Amino acid sequence: MRARRLIFIGLLGIAVLAISGAVIAARRLRSDQDSGVFRGPHVTLTPVIRGLKEPTFVAWPPDDSGPAFILERGGLVRVADAHGQLRPTAFLDLSQQVSLGNEEGLLGLAFDPAFAQNREVYVDYTALDASVQVVRYAVSADDPDRVDPTTAKVILSVPKRSKYHQAGMLAFGPDGYLYISVGDDEQSERAQDLGVLTGKILRLDVHSAEPYAIPASNPFVGTDARGEIWDYGLRNPWRFTFDRGTGDLWIGDVHHIDGDQGQNWESIAYQPADSPGGVNFGFPMQATFHCVDDLHCHPPGVSLPVVQYDHRMNCSVTGGYVYRGKAIANLVGSYIFGDYCTGGVFAVHGSADQGWSPRLELGYQPIKISSFGEDPSGELYVVDIQGGVIYRITDASLP
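In numbering that gives the first Met the number 0, the protein residues as written are 0 to 398.
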């Protein structure tokens, strides 16, 4: 069963039948039909940008309180001002280069840490040949509101055969290296194969060489494995992020177990900032899905998830961010994430030393969460791919 296949499918099919009751209930939480604000039991989402077509991600340049940059699955990077007004001209138009089957499209964006000086931005998309492309662009010298298409430089090209399990996240880590998530290409056994890039998180030095150099501190340098690999044993790490306060890495990995093997599970994985990499998150080992008895099912050398949840009224995890903003004191230090199908927003609180809370349900909304976003001040946003709206989390509390 392909748990992530619903991500970009307009018709909700069988999964919607299973969650329709939850969606109807969530609609009753909508307290202001005109403003579009959703008020759940423990979270309030306020719309800030509307009029988008299948948005997949939202980001801001580093140390910049200016406009938001929004990816649309069809290949456009749109820009919205502080009032949520979209500029009529796209920042980048890849609509003739992006494939749009199922989970494909324009998926990830990362601004260079030195964007203010070099004006460089990286995007991740599926090309017409189904490969995953990571490409660097520079802003036009003549028009600061648009990318110069002639500056395109392919950093990484990963051949794939499937229209599913693309992953697609890009992020610069605290170390200045570019991290890239790549799904398993529906070849689960490859997640444990260190000779291929699928089912992994990669770590590249994009500043020291063209198209990139492999950092000497990467865990598999000097072995027969691919040196680009940072972590492995992942199925479809759709969204990962770094905690801006600690540097810890959080990963939302879309999982499943076939029906004859047991329940389906979605996972949140954690990697501390001082990790040397090389972490095996275990996929496709059955034991990593839901380890009830750690003494008997913990595979040696495998890092188990911080928290998991099953598919009862859910379908696909969307990884988020650790909240480090100032507007919602109750959330500080909590990892906020969601579920695509139900529009559920969840939290995990705690620490690696003292233990983690279970999944805390903040509220369900009738939206389809393709991503979360974090602005320069640390406030969090929710991306609704179905309604074409970006929401800001304006209030919340832990249950």
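A virtual CB, placed ideally from N, CA and C, is assigned to each residue, including glycine. Source: prediction; values computed, not measured.
Taking the alpha-carbon positions, what's the residue i to residue j distance?
{"i": "Gln186", "j": "His254", "result": "13 Å"}
{"i": "Val347", "j": "Ser207", "result": "37 Å"}
{"i": "Glu429", "j": "Leu75", "result": "Not covered by the structure: residue 429. The range shown for the chain is 0 to 398."}
{"i": "Pro158", "j": "Pro236", "result": "17 Å"}
{"i": "Leu70", "j": "Val382", "result": "10 Å"}
{"i": "Leu359", "j": "Pro398", "result": "7 Å"}
{"i": "Ile392", "j": "Phe241", "result": "19 Å"}
{"i": "Ser130", "j": "Gly319", "result": "25 Å"}
{"i": "Val306", "j": "Ile384", "result": "25 Å"}
{"i": "Gln96", "j": "Arg77", "result": "16 Å"}
{"i": "Val22", "j": "Arg118", "result": "Per-residue confidence for Val22 stands at a pLDDT of 42, beneath the threshold of 50, marking its modelled position as unreliable; no derived number is given."}
{"i": "Val153", "j": "Gly104", "result": "17 Å"}
{"i": "Glu209", "j": "Asp252", "result": "30 Å"}
Measure the beta-carbon distance from residue i to residue j and round it to whole angstroms, keeping in mind my assumption that it falls under 8 Å.
{"i": "Tyr231", "j": "Gly198", "result": "6 Å"}
{"i": "Asp309", "j": "Trp264", "result": "6 Å"}
Per DSSP, what kind of secondary structure is residue i in: helix, strand or coil?
{"i": "Leu51", "result": "coil"}
{"i": "Phe114", "result": "helix"}
{"i": "Glu188", "result": "helix"}
{"i": "Leu330", "result": "helix"}
{"i": "Ser161", "result": "coil"}
{"i": "Lys152", "result": "strand"}
{"i": "Glu265", "result": "strand"}
{"i": "Trp355", "result": "strand"}
{"i": "Gln96", "result": "coil"}
{"i": "Asp394", "result": "strand"}
{"i": "Leu85", "result": "strand"}
{"i": "Asp309", "result": "strand"}
{"i": "Trp249", "result": "strand"}
{"i": "Asp62", "result": "coil"}
{"i": "Ser370", "result": "strand"}
With distance defined between alpha-carbon atoms, name the residue in the options nearest to residue i.
{"i": "Ala151", "options": "Ala166, Trp229, Val134, Ser161", "result": "Val134"}
{"i": "Ile389", "options": "Thr55, Lys159, His41", "result": "Thr55"}
{"i": "Gln191", "options": "Phe282, Ala129, Asp252, Tyr269", "result": "Phe282"}
{"i": "Ser266", "options": "Thr240, Thr245, Gly246, Leu233", "result": "Leu233"}
{"i": "Ala67", "options": "Val306, Gly100, Phe110, Arg38", "result": "Phe110"}
{"i": "Cys340", "options": "Thr125, Gln353, Gly386, Arg49", "result": "Gly386"}
{"i": "Val321", "options": "Ser130, Gln364, Arg243, Asp273", "result": "Arg243"}
{"i": "Pro112", "options": "Ser216, Pro210, Pro60", "result": "Pro60"}
{"i": "Ala126", "options": "Asp374, Val78, Gln165", "result": "Gln165"}
{"i": "Asp174", "options": "Leu99, Gln307, Gly246", "result": "Gly246"}
{"i": "Pro87", "options": "Asp144, Ser98, Val47, Ser94", "result": "Asp144"}
{"i": "Phe336", "options": "Ala326, Lys325, Lys367, Ala351", "result": "Lys367"}
{"i": "Pro304", "options": "Met284, Gly342, Gln132, Gly372", "result": "Met284"}
Got a sec? Which residues, its chain only, sit under 6 Å from residue i by beta carbon, not counting five neighbours each side?
{"i": "Gln270", "result": "Leu248, Val278"}
{"i": "Gly167", "result": "Leu106, Gly107, Asp123"}
{"i": "Ala170", "result": "Ala109, Tyr178"}
{"i": "Val344", "result": "Val42, Gly337, Leu361, Gly362"}
Sorted by chain position, which residues of the same chain lie with C-beta nearer than 7 Å to residue i's C-beta, five sequence neighbours on each side aside?
{"i": "Ala224", "result": "Leu193, Gly194"}
{"i": "Ser161", "result": "Asp184, Glu185"}
{"i": "Ser396", "result": "His41, Asn329"}
{"i": "Gly50", "result": "Leu85, Gly387"}
{"i": "Ser94", "result": "Gly73, Gly74, Leu75"}
Less than 8 Å between C-beta atoms, sequence neighbours within five positions excluded: which residues of the same chain meet that for residue i?
{"i": "Ala115", "result": "Pro60, Pro61, Asp62, Asp63"}
{"i": "Pro218", "result": "Ile228, Trp229, Pro275, Gly276, Gly277"}
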